[in-house]
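Data first, discussion second: the structure below is written as structure tokens.
Residue numbers (this note's numbering), protein chains in the order written: chain A, 1 to 772; chain B, 1 to 160.
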């Protein structure tokens with residue numbers, strides 16, 4: 001082969017390459033329009049009045065003082081909701097505005113529209129609300145015990161589900177157990193909630209520009225609350241500044257539309273950071289007890305577990321998060337017998353729902369901590385215990401479901417273990433104080449630093465579960481040699497717009513691909529969550545492009561007298577696989593226009609039965625992490641020095657985007673391990689700011705070594721698995737295991753049973769009065 | 001109140017403003033310069049970074065009226081002809097952009113860094129840019145982008 005033969009060389013911009021994001025330059029130049037950048041002449045500002053109490057009866061609301069302020073144009077409460085009074089993704093139990101009761105600190109009570117944000121603030125302050133303060137329900141165990149009255153007509157149990165598998169009396173020579181706590185994490189996307197609602201001129205409808213993860217679900221819920229038919233509500237994706245699960249639920253959508261429709265004028269609403277902390281759902285805080293029974297050689301015989309998730313005041317996706325948590329009890333390991341009980345509880349805490357990892361983050365911290373205990377009890381190292389139990393394709397989960405996907409668990413572990421360790425000496429290089437645990441602020445003594453190593457491995461389900469009709473829609477138009485793709489897939493930063501174009505280029509052999517506006521003028525794409533869009537919307541785009549390609553083959557076949565079945569795309573040419581025709585696609589497509597819409601559906605799933613048995617999940621992906629940390633055991637300070645990972649990705653459609661998901665997910669998992677937790681005291685959030693809720697900075701994040709395991713999954717439309725969630729799941733237990741390893745070296749067997757790990761947990765050990 | 005700000009080389013009149021408005025609000029809402037983003041409102045995240053009097057500041061912490069008489073540079077002022085700067089191009093090429101909300105703040109902070117320190121070490125990059133929070137990328141590709149530009153500029157300097 002000569003160097004000039006370019007036909008076999010990978011063309012830039014197709015699947016497997018890493019072309020630049022189409023929105024990249026605009027984002028660097030600040031010209032990309034985020035939802036908070038949208039405005040119109042005459043646009044009013046909206047703002048929300050929120051409850052200061054976790055639980056109270058509203059005795060009286062007097063909005064008249066707000067009306068006396070110049071510049072105030074509208075004040076609305078629950079009395080002004082024309083449609084249904086509540087919304088919710090699974091159970092419609094959350095009021096648009098609180099009616100008789102407020103059930104969490106931050107619950108919306110009223111909204112105003114005015115000429116300036118400062119006018120809005122003053123108007124909200126002027127509204128008088130008289131409360132009868134009630135005793136909040138904050139103790140999940142009291143709810144399970146049945147000793148508190150219901151705080152909602154739907155009751156305080158959001159879900160109770162058991163899994164019973166195999167021989168419940170089975171046991172082994174080795175038994176280890178522990179109780180693990182996971183704190184409430186915030187998604188903390190940077191682009192605060194923001195929306196612009198534009199009422200139709202002369203009509204009763206509204207167009208909402210909104211940063212959301214799921215346009216059609218938003219529309220369904222908004223239209224119901226507005227009392228409008230769905231076609232009167234049009235949703236346009238405003239630029240999304242990150243999501244991570246926090247934009248799956250309704251926040252300001254209905255309020256903004258209500259104000260705009262009331263006034264017949266455009267209204268925009270932007271949350272503040274403090275408001276954002278109470279304005280969206282969070283990762284569920286959880287308490288998980290697990291007991292592992294194993295043979296003396298480390299083979300798992302049975303797992304018993306009990307999960308209690310605090311769902312907060314409203315249901316959101318708690319029932320699905322609980323399902324995910326309990327069905328991932330075993331982790332990526334074989335387990336023939338299990339008894340698992342799970343509870344999701346309604347309390348007067350902040351509502352919880354989706355966050356990257358969706359229940360599996362919590363389960364993984366528990367099962368990986370257990371695997372390390374099991375290793376120690378069996379006299380094995382943490383790698384060996386995991387290899388001995390590693391799941392394979394065809395293994396049966398504790399739900400009875402067979403893992404049909406590629407399951408390279410052993411390879412994930414071995415490749416992670418094989419990645420090099422950091423060169424950096426323990427405690428960092430001389431004079432580089434910023435590399436020490438605690439950095440410049442709380443400088444550790446370099447002579448006291450101990451280095452630890454820890455491992456974590458995870459299984460994560462992909463797509464939606466439990467019988468949900470999960471599908472995605474895409475439309476492909478080919479005209480004048482240009483491909484136009486239309487879909488309602490929320491681009492939240494993950495880069496679907498990049499890979500959608502790559503898919504089209506690959507299938508159609510045309511480089512010029514335009515992504516149309518993302519809105520509800522096409523069928524639903526489902527949610528940008530559950531690591532599902534590469535698989536689902538990627539599948540839909542591929543199907544639509546393939547349909548257009550087939551029309552093109554039909555056209556070329558007629559023109560050239562060739563049976564269309566023997567035509568193929570090779571690079572940017574149409575070729576006759578059995579003859580000599582080779583025609584540039586661009587030439588073949590002159591003067592034609594094809595327009596095809598396709599839906600992609602994954603195979604149906606089932607609900608679990610009362611014993612937790614059923615094929616409830618769609619597909620699975622796997623990942624392993626190794627963390628290297630430097631610890632000052634006396635000050636309780638930690639610096640993560642390196643994270644190594646090998647991830648089962650199926651096919652890396654865009655390797656650079658995959659790496660971005662891996663590094664970004666690891667940062668969020670590191671945050672949960674070491675610093676991120678919403679603190680609520682007596683039902684009131686105490687750290688609703690970036691000063692007090694700590695996020696990993698560039699100094700906190702270590703270098704990441706990543707190995708992509710590419711074993712194409714035959715069930716995935718493009719062979720590619722979702723890659724968004726796995727990176728943030730097992731890195732958290734890996735970091736905590738590394739800290740434990742460091743402490744063991746100085747003779748301490750501190751359990752570190754909760755995340756985030758706090759300095760006092762390391763320095764002082766477990767202390768009941770210190771736990772939150 | 002009325003005052004004049006000197007933004008990206010031009011005088012910009014701010015009329016009928018409330019005295020309590022910070023520079024971020026005035027840039028965005030009164031002057032239509034949307035590149036600086038508001039994400040924390042208390043100087044923790046760096047998304048609203050601009051230069052005032054050649055110093056990198058969080059515009060959410062600066063009273064707009066106090067910036068009168070000082071040159072202000074926003075991301076819009078870095079590429080007035082529309083062509084991306086070397087750092088802007090490197091951010092895209094290196095995969096340093098995901099949702100992009102932190103990106104303008106990081107771009108102006110990274111330009112500021114390389115202007116002051118053309119050859120920063122990795123730890124210097126981490127320290128200097130640790131005031132800019134990114135929630136998507138985990139920072140690895142951002143560091144890579146800054147390093148690429150630092151090296152490319154050094155090669156250019158050595159060649160000239």
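Note that the Cβ used here is the ideal one computed from N, Cα and C, for glycine as well.
Within the stretch 545-597 of chain A, the complete alpha helix (DSSP H) segments at least 4 residues long are 585-588, listed from N- to C-terminus.
Interface residue (Cβ-Cβ distance to chain B less than 8 Å): residue 704 (chain A) is classified as such. When rounded, the separation of the alpha-carbon atoms in residue 710 (chain A) and residue 387 (chain A) is 20 Å.
Between the stretch 639-659 of chain A and the stretch 726-736 of chain A, the count of C-beta pairs closer than 8 Å reaches three or more; the two stretches touch.
Contacts with chain A (Cβ-Cβ distance below 7 Å) from the stretch 87-99 of chain B involve 88, 91, 92, 93, 95, 97, 98, 99, listed in chain order. Along the stretch 659-676 of chain A, the positions whose C-beta sits under 7 Å from a C-beta of chain B are 659, 660, 663, 664, 666, 667, read in chain order.
Listed along chain B are 97, 100, 103, each with a C-beta nearer than 7 Å to that of residue 27 (chain A). Below 8 Å, too few C-beta pairs join the stretch 43-60 of chain A and the stretch 514-534 of chain A to call them touching: fewer than three. Using a Cβ-Cβ distance cut-off of 8 Å, the stretch 293-301 of chain A and the stretch 585-602 of chain A are not in contact, since fewer than three pairs of beta carbons, one from each stretch, lie closer than that value. Here residue 509 (chain A) is buried, its C-beta having at least 16 other C-beta atoms within 10 Å.
Contact between the stretch 236-254 of chain A and the stretch 269-283 of chain A is established, with three or more Cβ pairs separated by less than 8 Å.
Nearest Cα to residue 354 (chain A) within the set A:681, A:213, A:258, A:456: A:213. One finds 118 in chain A with Cβ atoms closer than 8 Å to the Cβ of residue 20 (chain B), taken in chain order. The count of Cβ pairs closer than 8 Å, one atom from the stretch 738-753 of chain A and one from the stretch 33-48 of chain B, stays below three, leaving the stretches out of contact.
The beta carbon of residue 85 (chain B) sits closer than 6 Å to those of 78, 79, all from its chain and outside the five residues before and after it, given in chain order.
With a cutoff of 8 Å on beta-carbon distance, residue 236 (chain A) and residue 216 (chain A) are scored as not near each other. Counting only runs of 3 or more residues that sit fully inside the stretch 242-286 of chain A, the beta strand (DSSP E) segments are 267-270, in chain order. Among the CB atoms of chain B, one or more fall inside 8 Å of the CB of residue 432 (chain A). Separation of residue 514 (chain A) and residue 479 (chain A) (C-alpha to C-alpha, rounded to the nearest whole angstrom) is 11 Å. Within the stretch 130-144 of chain B, the residues whose Cβ lies closer than 9 Å to any Cβ of chain A are, in chain order, 130, 131, 132, 133, 134, 135, 136, 137, 138, 139, 140, 141, 142, 143.
Cβ atoms of residue 140 (chain B) and residue 704 (chain A) come within 8 Å of each other, at about 6 Å. In this structure, residue 134 (chain A) lies away from residue 311 (chain A), with their beta-carbon atoms at least 8 Å apart.
Just measuring C-alpha positions, the residue of A:161, A:693, A:557, A:125 sitting nearest residue 318 (chain A) is A:161. Nearest Cα to residue 669 (chain A) within the set A:694, A:688, A:683, A:92: A:694. Look at residue 34 (chain A): its C-beta is under 8 Å from a C-beta on chain B.
Closer than 8 Å to the CB of residue 620 (chain A) there is not a single CB belonging to chain B. Sorting A:459, A:286, A:360 by C-alpha distance to the C-alpha of residue 395 (chain A) places A:459 at the top.
In summary, residue 677 (chain A) is buried, with 16 or more beta-carbon neighbours lying within 10 Å of its beta-carbon over all protein chains present. Among the residues of the stretch 185-197 of chain A, those with a Cβ less than 9 Å away from any Cβ of chain B are 187, 188, 189, 190, 191, 192, in the order of the chain. Taken through DSSP and simplified to helix, strand or coil, residue 76 (chain B) comes out as helix. One finds nothing in chain B with a Cβ atom closer than 8 Å to the Cβ of residue 95 (chain A); even the nearest lies about 28 Å away.
When secondary structure is reduced to three states using DSSP, residue 387 (chain A) falls in the helix class.
Rounded to the nearest whole angstrom, the C-alpha separation of residue 122 (chain A) and residue 44 (chain A) is 15 Å.
Fewer than three beta-carbon pairs drawn from the stretch 375-383 of chain A and the stretch 593-600 of chain A are found closer than 8 Å, and the two stretches are therefore not classed as touching.
Residue environment analysis places residue 117 (chain B) among the exposed positions, since fewer than 16 neighbouring C-beta atoms fall within 10 angstroms of its C-beta. Per DSSP, residue 343 (chain A) is one residue of the beta strand (DSSP E) stretching across 337-346.
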